[in-house]
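If you count by UniProt numbering, then the sequence shown holds residues 1 to 265, one letter each, in order.
What follows is a single structure, written as structure tokens, with notes after it.
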Amino acid sequence: MTTVKYLAEPDLDKAHNFISSAVAQRDMIVMAVKCSVAYEGRGASRLGEGDRLVIVKPDGAVLVHRPTGYSPVNWQPDSHVITVEKQDGRILFRSVRKRPREVLEILISRVYFVVAIHGLLDDAEFIEYLDESEIADYLARHPDLIEEGLRVVRRERPVEGGYADIVAVDKQGRYVVIEVKRVTAGIDAVKQLHRYVEMFRKANAEAKVRGILVAPAITKDALSLLTSLGLEYKHVDVARIHKKAKQERRHSGSLSLLDFIGKRG
Numbered sequence: 001m002t003t004v005k006y007l008a009e010p011d012l013d014k015a016h017n018f019i020s021s022a023v024a025q026r027d028m029i030v031m032a033v034k035c036s037v038a039y040e041g042r043g044a045s046r047l048g049e050g051d052r053l054v055i056v057k058p059d060g061a062v063l064v065h066r067p068t069g070y071s072p073v074n075w076q077p078d079s080h081v082i083t084v085e086k087q088d089g090r091i092l093f094r095s096v097r098k099r100p101r102e103v104l105e106i107l108i109s110r111v112y113f114v115v116a117i118h119g120l121l122d123d124a125e126f127i128e129y130l131d132e133s134e135i136a137d138y139l140a141r142h143p144d145l146i147e148e149g150l151r152v153v154r155r156e157r158p159v160e161g162g163y164a165d166i167v168a169v170d171k172q173g174r175y176v177v178i179e180v181k182r183v184t185a186g187i188d189a190v191k192q193l194h195r196y197v198e199m200f201r202k203a204n205a206e207a208k209v210r211g212i213l214v215a216p217a218i219t220k221d222a223l224s225l226l227t228s229l230g231l232e233y234k235h236v237d238v239a240r241i242h243k244k245a246k247q248e249r250r251h252s253g254s255l256s257l258l259d260f261i262g263k264r265g
């Protein structure tokens, strides 16, 4: 059963007791406070006093947000020990990790509000996908996923009315104009590919040109139109590409902020 408790503009004694109890029960805690923040561990940092949003999760993760921006200014991916003490008329919230040893201290001088939520559950599967540009980038590096023997000539080739995602040459020396979609391809995607193929043929009158629509799925009407226009469809597993692309980023040392936070934890 989920329960929610909160205090608005409490004095620091009430806030201290409330936060201590919520930490002991492993509640989700969300509080708007005036505070300063100190961190010591792999490095060290100090953040002067200001208004912050502090989130403490049941697994011990702690995030400190400024009023603007989406990234936390300080965070602890998990905590082995959390303590809440009164110190010189303020509240000292301390999160400690053992391996590696990291200490995050939040010194609170005022509490605007604090909410404690007990019993939150979330067991849903999270599936993250790349955007179309990232999928096309990956396929340009691994064209055999589209067709064996393809050799990429250009990524994002300008054609009249837009940009072809990938232009390649197949084993028989024919040009292949490739349009990539992240979700189920419909009739508009087929018309887009057909337009790019025709523009490419117009600019390269002597060339033999194919067109391939790459997507995780395609509607029946779109597939029928595609076939009637002499174009082709290639299924790709977007989730698998995401997994492989993430592995490539890790091996190359190129990590996004989310990858970095996951690795740090």
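Here a beta-carbon is modelled for each residue, glycine too, at the ideal position from N, C-alpha and C.
As the structure is a computational prediction, the values presented were derived from the model and not from experiment.
Asked: Helix or strand or just coil, what does DSSP make of Ala189?; Found: helix
Asked: Go through the segment 202 to 255 residue by residue and report every complete run of the alpha helix (DSSP H) that reaches 4 residues or more, in order.; Found: 220 to 228, 238 to 252
Asked: Looking at the structure shown, is Ala32 part of a helix, part of a strand, or coil, going by DSSP?; Found: strand
Asked: Can you tell me which of the three DSSP states Ser20 falls into?; Found: helix
Asked: Where Leu104 and Val37 are concerned, what is the direct C-alpha to C-alpha distance, given to the nearest angstrom?; Found: 7 Å
Asked: Going by other Cβ atoms of all chains shown within 10 Å of its Cβ, with 16 needed for buried, is Phe18 buried or exposed?; Found: buried
Asked: In the UniProt domain "Endonuclease NucS N-terminal PH-like" (28 to 116), which residue ranges form an unbroken alpha helix (DSSP H) of at least 4 residues, counting only runs that do not cross its ends?; Found: none
Asked: Alpha helix (DSSP H) containing Ile135: first to last residue?; Found: 132 to 141
Asked: Thinking Ser79 and Gly60 are a contact (beta carbons under 8 Å), I'd like their distance in whole angstroms, please.; Found: 3 Å
Asked: Assess, as a yes-or-no matter, whether the segment 115 to 123 is touched by the segment 164 to 179 under the definition of 3 or more beta carbon pairs within less than 8 Å.; Found: no
Asked: Which residues bound the beta strand (DSSP E) around Glu179?; Found: 175 to 180
Asked: Hey, Ile108 and Cys35: beta-carbon distance below 8 Å or not?; Found: yes
Asked: I need the boundaries of the beta strand (DSSP E) containing Arg157, first residue and last residue.; Found: 151 to 159
Asked: May I have the straight-line CA-CA distance separating Gln247 from Val180, to the nearest angstrom?; Found: 21 Å
Asked: Below 8 Å on the Cβ atoms is my guess for Leu231 versus Leu193; work out the distance and round it to an integer in Å.; Found: 6 Å
Asked: Using a Cβ-Cβ cut-off of 7 Å (strictly less than) and excluding sequence neighbours within five positions of Ile146, which residues of its own chain qualify?; Found: Leu139, Ile178, Ile212, Val214, Lys234
Asked: Count the other CB atoms, across all protein chains shown, that sit within 10 Å of the CB of Val236; report buried if there are 16 or more and exposed otherwise.; Found: buried
Asked: Quick one: is Gly265 buried, meaning 16 or more other Cβ sit within 10 Å of its Cβ, or exposed?; Found: Because the pLDDT of Gly265 is 43, which lies under 50, any placement of that residue in the model is unreliable, and the question is left without a value.
Asked: Would you mind giving the Cβ-Cβ distance between Val114 and Ala15, rounded to the nearest angstrom? I have them listed as a contact below 8 Å.; Found: 6 Å
Asked: State yes or no: is the C-beta of Ala185 within less than 8 Å of the C-beta of Ile218?; Found: yes
Asked: In chain order, what residues of the same chain lie with their CB nearer than 7 Å to the CB of Ala222, ignoring the 5 residues before and after it?; Found: Ala185, Gly186, Ile187, Ala189, Val190
Asked: Which partner residues does Ile166 have in the DSSP bridge list?; Found: Arg155, Ile178
Asked: Which residues bound the beta strand (DSSP E) around Lys5?; Found: 3 to 8
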